[in-house]
Amino acid sequence: MDALSKIIGNKIRALRKSKGLTQDNLSDVTGLDYRYIGAVERGEINFTMKTFEKILTSLDVPLHNVANQLTTDPSHPHAHIEEWEQLIAGLSDEQIASLLHALKELRKALE
266 MDALSKIIGN KIRALRKSKG LTQDNLSDVT GLDYRYIGAV ERGEINFTMK TFEKILTSLD
326 VPLHNVANQL TTDPSHPHAH IEEWEQLIAG LSDEQIASLL HALKELRKAL E
């Protein structure tokens, strides 16, 4: 599965363990099969937002808390977007184009 599924799954596992729950305990509370919860935690399956909310509600964790944590996690694919936006704020289109060109050249050099 994709990197985001693994990141979210790891976060769910960490939250579950921080509450002292087993997958079986969480299964009892959510009504989801413990094998399904295990697959979610391993990032092996895509799940619906409804399922995600059900798990978080059962763990007594607000969705917005997890969303904020995910986007500040350096391993998250979009973790640095806000920082990039701040760096280019106020630049002209021409300056942004020049910066983008320089980044592309730097990336080539690093490969």
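Per my numbering, the sequence shown starts with residue 266, numbered consecutively.
The beta carbon of each residue, even a glycine, is placed where N, CA and C say it ideally should be.
message: So, under 8 angstroms CB-CB, Lys-271 and Gly-308 are touching, yes? Tell me the CB distance rounded to an integer number of Å.
response: 3 angstroms
- prompt: Would you say the region 305-323 touches the region 347-362, given that touching needs at least three Cβ pairs under 8 angstroms?
  reply: no
message: Using C-beta distances below 8 angstroms, list every residue in its chain close to Leu-291, excluding the 5 sequence neighbours before and after it, in chain order.
response: Arg-281, Leu-297, Tyr-299, Ile-302, Ile-320, Ser-323, Leu-324
message: Could you give the first and the last residue of the continuous alpha helix (DSSP H) run that contains Leu-280?
response: 268-283
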